[in-house]
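Enquirer: Going left to right, the sequence shown walks through residues 273 to 457 as our numbering numbers them. The beta carbon of each residue, even a glycine, is placed where N, CA and C say it ideally should be. In this text the structure is predicted, and so the values were computed from the model without any measurement.
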Amino acid sequence: MSELKMSEVRNADSTAEFAPVVQGLKEVDNAAALAKIKTVYEQRCLLYFFAKEKSAWITRGKGNIRLQKHEDSSLYQMVLYEEKTFKLRLCAIIHPTAKLSANEGSDRTWTFACTDFSEAEEGKGVIQSCAIKFRNSEIADKFKAEYEKYQEMNKKSSSKKTEKKEEAKKEEVKQEAKKEDKTAK
């Protein structure tokens, strides 16, 4: 008799219902935004941030560092999502003047300063000292070469934008000068 009851329990469908703990969450469709971002380089690494109050390097996450190009802005950025939790741990534009430096005592770690937007509120980033550690020195050297390549592209892209802004300002000044000439006559 007990075997019959156990088989009924095993074959029974659950009628339990669970209400969500958090209310008001909406599913976000980010397919359009992701379509505008192209990954040009990806490599597994460890990410560290320097904690000033502790004067030590703190592990921030382990995952794939991605160098990505955003189609709208034509700028390249670095992004790292932690591999198990998929939390955004680094989101920084590759700044044209930023410098990768070898970490003392390791030929497979690069340090740099960046404006990190991974925990940004209202678009305000935090300036961080970061270190990226790779499996071996060959991978680290390859990352540096790719970083510098895309850094140069960002430099060219930002100089083109600056030139366009300057041309727009000159055109605006000319238009205002024409308006003043017409009103003076």
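Please report the Cβ distance between Gln315 and Phe406, rounded to the nearest whole angstrom; I am assuming they are in contact, meaning their Cβ atoms lie under 8 Å.
Expert: Residue 315 sits at position 43 when you count from the first residue of the sequence shown. Residue 406 sits at position 134 when you count from the first residue of the sequence shown. 7 Å between Cβ atoms; contact.
Enquirer: Count the other C-beta atoms from every protein chain shown that fall within 10 angstroms of the C-beta of Ile366, then say buried if there are 16 or more, exposed otherwise.
Expert: In the sequence shown, the residue the question calls residue 366 occupies position 94. Label assigned to Ile366: buried.
Enquirer: Distance, Cα to Cα, Lys450 vs Glu439?
Expert: Sequence index remark: in the sequence shown, residue 450 carries index 178 (1-based). Sequence index remark: in the sequence shown, residue 439 carries index 167 (1-based). Straight-line Cα distance between these residues: approximately 17 Å.
Enquirer: Per the DSSP calculation, Met425 is bridged to which residue(s)?
Expert: Position 153 of the sequence shown, counted from the first residue, corresponds to residue 425. Paired residues: none, contrary to the question.
Enquirer: Select from Pro292, Asp413, Phe358 the residue whose C-alpha is nearest the C-alpha of Ser390.
Expert: As a first step, residue 390 is located in the sequence shown; it is residue number 118 there, counting from the start. Looking at the Cα atoms, Phe358 is the closest of the given residues.
Enquirer: So does the segment 289-296 actually touch the segment 313-328, counting three or more Cβ pairs closer than 8 Å?
Expert: no
Enquirer: Between Glu443 and Tyr348, what straight-line distance do the alpha-carbon atoms span, to the nearest angstrom?
Expert: Your numbering for residue 443 matches position 171 in the sequence shown. Your numbering for residue 348 matches position 76 in the sequence shown. Using only the alpha carbons, I get a separation of about 30 Å.
Enquirer: Spell out the partners DSSP gives Val398 in its beta bridges.
Expert: Here residue 398 refers to the residue found at position 126 when the sequence shown is read from its first residue. According to DSSP, residue pairing for Val398 in a beta bridge involves Asp388.
Enquirer: From this set, Asp379, Val398, Ala417, Met425, which residue's C-alpha is nearest Asp388's C-alpha?
Expert: As a working note, residue 388 is residue 116 in the sequence shown. It is Val398.
Enquirer: According to DSSP, is Ile366 part of a helix, a strand, or is it coil?
Expert: For the purposes of this step, residue 366 is taken as residue 94 along the sequence shown, with counting starting at 1. The answer is coil: DSSP assigns Ile366 none of H, G, I, E or B.
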